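Here the structure is laid out as structure tokens; the discussion comes afterwards.
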Amino acid sequence: MRIFILGFCMTLLAGAVQAQNRKQLANFSQFKHYYNPSLTGYEGPLLRSAYRNQWTGFEDAPKTVLLSAELDLQRVGRDSNRPFANGQDSRDRTEDISARHGLGLTLFHDQFGPAREMQVNLGYGSAVRLSERVSLRWGAALTYTSHRLDGNSLTVDQESDPRYSGLLGQKNNSGRGDLNLGISLTSQNLYVGYALIDVTEGSLLATGSDYLSDFYARRHVGQAGYRVGVTDMAGIILNGIYQYDSYNKSTVEGQLKAVYNNAFWVAGGYRNNLAYTLGAGVRLKQLSVGYTYESPTQDAKAIDKSTNEITLSYRLMPFASSNSKRGRQRVLIW
Numbered sequence: 001m002r003i004f005i006l007g008f009c010m011t012l013l014a015g016a017v018q019a020q021n022r023k024q025l026a027n028f029s030q031f032k033h034y035y036n037p038s039l040t041g042y043e044g045p046l047l048r049s050a051y052r053n054q055w056t057g058f059e060d061a062p063k064t065v066l067l068s069a070e071l072d073l074q075r076v077g078r079d080s081n082r083p084f085a086n087g088q089d090s091r092d093r094t095e096d097i098s099a100r101h102g103l104g105l106t107l108f109h110d111q112f113g114p115a116r117e118m119q120v121n122l123g124y125g126s127a128v129r130l131s132e133r134v135s136l137r138w139g140a141a142l143t144y145t146s147h148r149l150d151g152n153s154l155t156v157d158q159e160s161d162p163r164y165s166g167l168l169g170q171k172n173n174s175g176r177g178d179l180n181l182g183i184s185l186t187s188q189n190l191y192v193g194y195a196l197i198d199v200t201e202g203s204l205l206a207t208g209s210d211y212l213s214d215f216y217a218r219r220h221v222g223q224a225g226y227r228v229g230v231t232d233m234a235g236i237i238l239n240g241i242y243q244y245d246s247y248n249k250s251t252v253e254g255q256l257k258a259v260y261n262n263a264f265w266v267a268g269g270y271r272n273n274l275a276y277t278l279g280a281g282v283r284l285k286q287l288s289v290g291y292t293y294e295s296p297t298q299d300a301k302a303i304d305k306s307t308n309e310i311t312l313s314y315r316l317m318p319f320a321s322s323n324s325k326r327g328r329q330r331v332l333i334w
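Note that UniProt numbering numbers the sequence shown so that position 313 is 313, with each residue one more than the last.
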């Protein structure tokens with residue numbers, strides 16, 4: 001069993017709390033509904049997954065797995081030969097792919113040394129058209145998060161310290177249920193949204209011990225994205241996210257992508273005072289695969305190790321065309 005000294009133990013606990021309150025993903029734009037339930041179904045019915053290996057090469061480093069599914073309730077089962085496709089004309093399938101009633105399920109697992117976290121997120125998003133091009137979306141999600149800390153793997157300088165007396169030598173389990181709320185304005189190539197995460201700060205449902213109760217904080221999330229075709233073969237995409245809570249304060253992250261023929265892309269991003277990211281990906285019809293390399297900034301090099309992130313997504317309803325009326329490439333990915 002691996003032993004952790006006091007300094008690393010404190011880092012570990014801080015990391016466990018951050019995993020609950022500030023889940024960082026370099027490809028945050030691929031999991032919009034996870035940060036804002038109103039965007040559930042915005043990109044149509046999809047299956048997604050992400051694997052994040054933080055501090056590669058560091059023993060017991062954080063590893064994160066995220067699995068999600070988004071369904072359009074109006075399209076489910078309409079065509080048994082092509083699940084989730086409604087057989088409407090190409091205009092509907094390319095320009096009106098967003099779900100008016102979307103249902104999403106997200107499973108999150110994170111492990112950092114003796115600390116483990118699991119979360120189940122069940123979300124719903126609905127859209128109302130404000131005009132031919134713009135929709136108002138709102139959504140809500142119920143979440144349940146389970147934390148486990150193996151106190152047998154922890155060693156501190158002073159075992160009599162009351163701060164650790166309830167953690168050492170035993171398995172600590174804590175569970176919290178909460179509510180997320182979100183609202184957004186969307187169009188085919190633009191979205192702007194705001195969400196309130198952990199509205200009740202873990203008080204909606206509480207099980208197990210309360211060793212993390214002081215670290216639950218309501219979180220504010222702002223998101224925005226814009227995509228545009230610049231030539232008949234190329235396009236650019238810009239995504240950003242802002243997060244704030246009283247414990248971790250604020251984090252801002254942006255990502256710029258260049259897309260070629262809706263099949264290949266390269267990306268670069270920056271998370272303020274934390275990391276730089278470089279990524280690339282490929283789309284093969286309904287299947288997309290992406291890779292991102294993340295390097296810590298000078299201010300975040302307490303552990304000078306890189307992070308690797310892999311994403312995989314499958315679209316349950318194919319696009320019919322990517323041609324726009326202006327002759328430019330219509331960008332199909334975010």
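Ideal placement from N, C-alpha and C gives every residue a C-beta, glycine not left out. Keep in mind that this is a model prediction, so the values were computed, not measured.
**Report entry** Cβ separation of D72 and P45, assumed to be a contact under 8 Å, to the nearest whole Å
**Finding:** Right, their Cβ atoms sit about 5 Å apart.
Requested in this report: Decide yes or no for the touch test of the region 266 to 276 against the region 239 to 253: beta carbon pairs closer than 8 Å, at least 3 of them.
Outcome: The region 266 to 276 is in contact with the region 239 to 253.
**Report entry** Coarse secondary structure for L25, derived from DSSP in three states
**Finding:** Correct three-state label for L25: coil.
Query raised in the report: So which of S68, S313, L274 and D299 has the shortest CA-CA distance to Y291?
Result: Of S68, S313, L274 and D299, the residue nearest in Cα terms is S313.
Query raised in the report: With DSSP run on the structure shown, which of helix, strand or coil describes F108?
Result: Here F108 sits in strand by DSSP.
Query raised in the report: How would you label N152, buried or exposed, when you count the other beta carbons within 10 angstroms and need 16 or more for buried?
Result: Counting other Cβ atoms within 10 Å of its Cβ, N152 stays below 16 and is therefore classed as exposed.
Requested in this report: Use the C-beta contact count for T231: other C-beta atoms within 10 angstroms, 16 or more gives buried, fewer gives exposed.
Outcome: So T231 ends up on the exposed side.
**Report entry** Per DSSP, the bridge partner or partners of L71
**Finding:** According to DSSP, which records beta bridges pairwise, L71 is partnered with L103.
Query raised in the report: Quick one: what's N173 bridged to in DSSP?
Result: Its beta-bridge partners are R148.
Report task. Give every residue of the same chain whose Cβ lies closer than 6 Å to the Cβ of T64, excluding the five residues on either side of it in the sequence, and list them in chain order. Result -> Apart from sequence neighbours up to five positions away, the residues of its chain that approach T64 with a beta-carbon distance below 6 Å are R52 and D110, ordered along the chain.
Query - 9 Å Cβ cutoff met for S184 and G193 - result: Closer than 9 Å, so yes.
Query raised in the report: So, is L149 buried or exposed, given that buried needs 16 or more other C-beta atoms within 10 angstroms?
Result: With 16 or more other Cβ atoms from the protein chains shown falling within 10 Å of its own Cβ, L149 counts as buried.
Requested in this report: Counting only runs of 3+ residues fully inside the region 210 to 262, write out the beta strand (DSSP E) ranges in chain order.
Outcome: Here the runs fully enclosed are 219 to 229, 234 to 245 and 249 to 260.
Requested in this report: Please list, in chain order, all residues of the same chain as P296 whose beta carbon is under 6 Å from its beta carbon, the five residues on each side excluded.
Outcome: So the qualifying residues of the chain are A275.
Report task. Name the residue from G104, S98, Y191 and Y144 whose alpha carbon lies nearest to the alpha carbon of Q119. Result -> Just measuring C-alpha positions, the residue of G104, S98, Y191 and Y144 sitting nearest Q119 is Y144.
Query raised in the report: So, helix, strand or coil for D60, using DSSP?
Result: D60 falls in the coil class under three-state DSSP.
Query raised in the report: What is the rounded straight-line gap between the Cα of H220 and the Cα of N36?
Result: Roughly 10 Å separates the two Cα atoms.
Query raised in the report: With respect to the alpha helix (DSSP H) encompassing Y35, which residues constitute its N-terminal and C-terminal limits?
Result: First-last of the alpha helix (DSSP H) with Y35: K32 to Y35.
Query raised in the report: In or out: R129 buried (at least 16 other Cβ within 10 Å) or exposed?
Result: It is exposed - the Cβ of R129 has fewer than 16 other Cβ atoms within 10 Å.
Query raised in the report: Which value, in whole angstroms, describes the spacing of the CA atoms of A280 and K257?
Result: So the two alpha carbons sit approximately 9 Å from each other.
Query - Residues near T307 by beta carbon distance below 6 Å, same chain, minus five either side - result: Around T307: Q54 and E294.
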